[in-house]
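Heads up, the final residue of the sequence shown is numbered 144 in our numbering, and it's a clean run with no missing numbers.
Glycine residues also receive a C-beta, built at the ideal position from the N, C-alpha and C atoms.
As structure tokens, the structure follows; a few thoughts come after it.
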Amino acid sequence: MRNAKTPFRDFYTWFFKDWFVSGARTRLSVPARSIYQDLLGLCYTEGHITSDKVVLMLRLGIPEQYSPDMDAALAEFEVDKKGRRTHPRVKVEIKRLAAKRKQLSNAGKASAARRYSKPSKPTPSQQQRNDGDASAY
8 MRNAKTPFRD FYTWFFKDWF VSGARTRLSV PARSIYQDLL GLCYTEGHIT
58 SDKVVLMLRL GIPEQYSPDM DAALAEFEVD KKGRRTHPRV KVEIKRLAAK
108 RKQLSNAGKA SAARRYSKPS KPTPSQQQRN DGDASAY
């Protein structure tokens, strides 16, 4: 199902090298790393995630036995003024995506303006008709 609230946020740039040397990766257990990655994706797609651990565990299909790993993964996220969890990297990627989308939009508009501002060249059949019309005068 496509996210209707935040369209076109179905992907984000992810560099393995950044992940491999990140502090979160070194602090988290292997199961917590997986949960952390799922939470990042959910946060990026929706812009934030709930602070309710039980809801998140149900949404991600995480069994109760991984509750301590969920706590460790959630500790990597900041809580905003509305009590929702966010992540600094998510904020950076959302801004980067918006800038890229704006740049592509502007480039498309400029291309269309150039395309439609040029005088159109007549096709050979139009040229013959025009030449024929001119000789009639």
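Measuring CB to CB, does residue i end up less than 8 angstroms from residue j?
i     : j     : result
His55 : Arg91 : yes
Leu35 : Ala80 : yes
Ile42 : Asp76 : yes
When we look at the beta-carbon of residue i and count the other beta-carbons within 10 Å, is it buried (16 or more) or exposed?
i      : result
Lys128 : exposed
Val62  : exposed
Glu85  : exposed
Glu83  : buried
Glu71  : exposed
Val37  : exposed
Met8   : In this prediction, Met8 has a pLDDT of 47, which is less than 50 and means its spatial position is unreliable; what the coordinates show is noted afterwards. Label assigned to Met8: exposed.
Which two residues bound the contiguous alpha helix (DSSP H) that contains residue i?
i      : result
Ile101 : 95 to 124
Val61  : 60 to 67
Lys24  : 23 to 27
Which of helix, strand or coil does DSSP assign to residue i?
i      : result
Ile42  : helix
Glu53  : helix
Glu85  : strand
Arg92  : strand
Val37  : helix
Ala143 : Caution applies to Ala143, whose pLDDT of 49 falls short of 50 and renders its modelled position unreliable; the value that the coordinates give is listed next. Correct three-state label for Ala143: helix.
For my contact list, residue i and residue j are in at a C-beta cut-off of 8 angstroms; report their separation, rounded to the angstrom.
i     : j     : result
Leu67 : Asp45 : 5 angstroms
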